[in-house]
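What follows is a set of notes on a single structure, which appears directly below.
Protein chains in written order, with my numbering: chain A, 1 to 767; chain B, 768 to 925.
This is the structure we're talking about:
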């Protein structure tokens with residue numbers, strides 16, 4: 001490991017949001033109360049696919065305590081009633097058709113939630129049932145029922161030269177991404193071996209504990225939201241477009257957010273709430289239940305088919321991939337997820353040729369969208385499983401096979417993209433060492449239980465493509481500072497990381513810096529906390545803002561002291577000139593009088609657009625995860641117990657090492673749950689476990705016996721060498737466990753989760 | 768609906784005489800009437816544990832408890848854990864071990880740990896994992912919470 005840290009960054013910090021969070025003082029969006037606030041509830045479709053023939057709300061409207069009811073008839077009157085990332089096909093409320101069980105049909109604002117619930121039961125909806133398509137195969141079948149009769153608004157995602165990006169290319173296909181390097185078919189034809197394997201990825205929900213919650217108030221021309229959305233500025237743009245009001249009349253306020261993992265990104269039920277608040281003429285709060293959350297967004301299920309060529313001595317040659325993602329009923333962020341899944345399907349390896357086709361299929365199920373890892377999880381499950389399968393087929397140790405084909409530091413991920421900036425081989429070696437891979441693998445079976453080890457290296461581009469951010473740092477006369485940036489605190493540690501970057505730059509103690517409240521009227525623009533960009537992207541804007549403030553402070557002091565600014569140094573709110581220290585506060589008070597003065601530094605960052613890069617911009621950094629797993633498989637029951645899970649990730653350089661560890665451990669446990677048991681299951685068009693009681697997420701008792709996060713510091717492009725780490729732990733876990741199961745009992749699981757039923761069936765099929 | 772019910776309940780060492788509707792949920796009473804918003808409601812069906820409060824020292828999910836059921840009891844919420852501005856040792860170790868991320872589960876988690884340490888002054892790993900099974904944390908992966916619990920056990924014992 002690279003131990004380059006200074007004493008400041010080596011020191012353990014107490015999270016700045018910690019005191020609020022351990023005392024119950026932290027104010028979440030969930031806690032927002034406005035005077036005269038009403039409560040909303042949403043009527044949802046009980047059918048996976050149906051035409052809405054008529055809605056009668058008169059009995060609901062007549063119920064005492066009900067203030068407003070809205071339906072698709074209200075939504076259709078909006079200037080632009082649709083939303084979605086790039087492709088806008090989701091109506092604010094179902095307009096003529098319900099497209100999944102849980103689709104939003106009508107909503108009520110009433111004096112309390114109980115009355116709103118009672119009113120929902122009084123709304124009569126007449127449906128004409130339509131045939132649903134509930135799987136990728138059904139949706140793509142000839143003559144399959146269509147979810148949409150006409151093309152949606154919007155455009156395909158803009159990408160680099162020579163990369164295919166299509167909107168709605170075929171019936172029930174939302175979008176398609178195509179990437180090619182060289183002539184994959186020709187290279188495959190010349191390869192000594194070709195292996196084709198297919199993998200199935202499951203659907204999971206974010207299950208953030210703070211439900212989706214928003215409060216809306218419409219006064220005159222102004223629309224205000226107190227929102228749990230992690231993208232206040234993106235949301236401002238959507239509300240502006242949907243309601244036809246200029247964006248400077250829309251104000252989005254953010255508080256602490258109680259978890260998201262991608263679920264709280266992009267526009268969802270917020271415009272519906274604004275519509276309701278407009279009609280009610282009063283502030284309205286809409287807090288979804290966790291059951292409704294399960295019917296709001298999922299991670300993409302998918303089918304990934306990989307055809308991979310390799311030479312007889314174990315060198316990878318070419319890969320042709322077909323990635324099919326189940327986008328559910330509406331676009332949400334599928335168009336972006338498809339691009340990222342397709343692009344990452346080649347993993348951290350060197351190829352002569354690549355051909356990738358990835359697309360999202362529309363089905364009558366919950367919309368799929370952002371989830372920590374953003375397609376990287378799906379891609380690395382398929383890719384790293386197949387790499388292991390090929391190694392075992394060729395009789396090569398999976399470690400050696402990986403080591404032989406890994407991209408080296410400095411090699412571009414693909415032509416035109418940035419170079420890999422983590423030591424992929426070095427990281428793997430460290431994990432292999434800590435796991436004890438060389439000493440213990442293929443340990444003898446003990447009775448009906450067998451042990452095995454598996455490795456995996458996940459990788460994704462990080463920081464968001466061509467991302468940008470702005471920030472302000474305000475320094476008060478007392479040497480206290482406020483950081484204004486719109487990376488909302490959702491648990492990722494933005495508060496502490498960004499404050500620490502400002503403190504270090506301003507040479508102030510960390511406890512002199514506060515992360516300011518976020519609202520779109522006052523806080524500089526940010527694209528939202530996505531793609532592990534907070535530290536590297538927003539952090540760069542913060543560092544530049546703090547540097548700008550430092551310059552202003554030194555200029556001011558130089559003027560007061562009658563010297564040049566470059567003769568001065570800032571240190572703990574004094575300026576040093578040679579051996580003399582001059583406290584700043586009296587200087588500022590003396591000069592300005594009154595309420596004093598604030599030095600306001602501005603900073604921004606823009607990752608350059610570059611059409612030569614496949615995605616339209618070179619990746620800011622690379623986010624690998626190295627995983628080593630040891631499992632014990634019970635041949636009689638099919639139960640898999642994870643004995644060891646050792647996961648490495650690269651923070652570039654940790655601005656807050658404890659928080660980095662926490663990010664990796666948290667992501668790993670989410671990935672472990674999805675690997676072993678967690679899944680939102682469907683029978684036909686019906687979700688069968690969409691309640692918190694039936695939908696099982698990992699608990700403390702599910703922890704592996706030994707569970708270790710290793711943070712590498714290989715350097716990155718962010719402040720002080722930092723890069724993002726938040727999604728890394730998600731990437732390689734499922735494949736490492738599949739590989740360990742194979743090692744233990746000689747059977748290959750190509751579909752997650754690896755439930756006892758599936759493992760047992762695979763063992764029985766093989767014997 | 769039947770008439771409102773008179774109850775006497777001690778919350779965070781202060782005694783309240785309240786007149787509550789029979790269907791008043793205790794979590795709502797805490798949050799809306801007493802502004803003790805540290806009690807969070809996640810699942811609203813006694814699965815996630817975010818709304819955990821201590822009733823006579825035992826963890827209870829406030830989201831599925833009627834206010835009238837608490838007549839004659841003593842309740843501790845997260846707001847009652849620190850005394851005179853001093854953090855309780857469990858709060859302190861959670862802070863020191865960064866045993867939280869988004870923080871939504873944290874008040875309920877800390878109160879569960881308080882009950883745990885009152886039952887087991889020196890809990891082993893299995894006991895901690897089993898006890899924390901009542902509280903879901905979707906962010907941290909639990910490991911740092913468990914470390915904080917071990918440190919808290921030491922701190923409480925001292």
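Virtual Cβ for every residue (Gly too), placed ideally from N, Cα, C.
8 angstroms contact criterion, which residue i and residue j should meet: CB distance rounded
i	j	result
residue 872 of chain B	residue 902 of chain B	6 angstroms
residue 330 of chain A	residue 99 of chain A	7 angstroms
residue 768 of chain A	residue 217 of chain A	Residue 768 of chain A falls outside the range modelled here, since chain A spans only 1 to 767, and no answer is possible.
residue 282 of chain A	residue 215 of chain A	Contact flag wrong, Cβ pair sits at about 11 angstroms.
residue 765 of chain A	residue 160 of chain A	That pair is no contact at about 44 angstroms.
residue 842 of chain B	residue 776 of chain B	6 angstroms
residue 93 of chain A	residue 272 of chain A	6 angstroms
residue 912 of chain B	residue 882 of chain B	At roughly 15 angstroms, the Cβ-Cβ gap does not stay under 8 angstroms, so residue 912 of chain B and residue 882 of chain B are not in contact.
residue 544 of chain A	residue 603 of chain A	3 angstroms
Cβ shell of residue i (< 7 angstroms), same chain only, five flanking positions each side left out
i	result
residue 191 of chain A	309, 310, 311, 317 and 318
residue 480 of chain A	512
residue 598 of chain A	474, 475 and 476
residue 909 of chain B	899
residue 27 of chain A	255 and 256
residue 589 of chain A	477 and 596
Backbone secondary structure at residue i - three-state DSSP
i	result
residue 846 of chain B	helix
residue 622 of chain A	strand
residue 591 of chain A	helix
residue 326 of chain A	strand
residue 158 of chain A	coil
residue 468 of chain A	strand
residue 228 of chain A	coil
residue 3 of chain A	Below a pLDDT of 50, predicted positions are generally treated as unreliable, and residue 3 of chain A, at 37, falls in that range; the measurement from the model is reported next regardless. Here residue 3 of chain A sits in coil by DSSP.
residue 563 of chain A	coil
residue 543 of chain A	helix
residue 912 of chain B	helix
residue 317 of chain A	strand
residue 269 of chain A	coil
residue 212 of chain A	coil
residue 59 of chain A	helix
residue 818 of chain B	coil
residue 826 of chain B	strand
residue 104 of chain A	strand
Residues near residue i by beta carbon distance below 6 angstroms, same chain, minus five either side
i	result
residue 914 of chain B	864
residue 252 of chain A	225, 227, 232, 235, 236 and 520
residue 207 of chain A	697
residue 691 of chain A	291
Counted within 10 angstroms of its Cβ, other Cβ atoms place residue i as buried (16 or more) or exposed
i	result
residue 467 of chain A	buried
residue 580 of chain A	exposed
residue 29 of chain A	buried
residue 592 of chain A	exposed
residue 921 of chain B	exposed
residue 823 of chain B	exposed
residue 255 of chain A	buried
residue 203 of chain A	buried
residue 384 of chain A	buried
residue 114 of chain A	exposed
Same chain only: Cβ atoms within 8 angstroms of residue i, ignoring 5 sequence neighbours per side
i	result
residue 568 of chain A	554, 557, 558, 561, 575, 576 and 577
residue 432 of chain A	399, 438, 455 and 628
residue 12 of chain A	657 and 658
residue 145 of chain A	49, 130, 131, 132 and 133
Touching by the beta-carbon criterion (3+ pairs, under 8 angstroms), the stretch 70-87 of chain A and the stretch 148-156 of chain A: yes
Is the stretch 617-635 of chain A touching the stretch 477-492 of chain A in the sense that three or more CB pairs, one from each, lie closer than 8 angstroms? no
Counting Cβ pairs, one atom from each stretch, are 3 or more of them under 8 angstroms apart for the stretch 747-758 of chain A and the stretch 674-686 of chain A? A contact between stretches requires three or more CB pairs, one per stretch, nearer than 8 angstroms, and the stretch 747-758 of chain A meets this requirement with the stretch 674-686 of chain A.
How about the stretch 44-62 of chain A and the stretch 93-110 of chain A: do they share at least three Cβ pairs that are nearer than 8 angstroms? yes
Taking contact to mean at least 3 C-beta pairs separated by less than 8 angstroms, is the stretch 735-744 of chain A in contact with the stretch 387-399 of chain A? yes
Does the stretch 406-425 of chain A come close enough to the stretch 363-383 of chain A to have 3 or more Cβ pairs within less than 8 angstroms? no
Take every Cβ of the stretch 117-127 of chain A, pair it with every Cβ of the stretch 73-81 of chain A, and state whether three or more of those distances are shorter than 8 angstroms. The stretch 117-127 of chain A makes no contact with the stretch 73-81 of chain A: fewer than 3 CB pairs, one atom from each, lie closer than 8 angstroms.
Using 8 angstroms as the threshold, is the stretch 714-723 of chain A in touch with the stretch 528-541 of chain A, meaning 3 or more CB pairs across them? yes
Take every Cβ of the stretch 348-366 of chain A, pair it with every Cβ of the stretch 323-339 of chain A, and state whether three or more of those distances are shorter than 8 angstroms. yes
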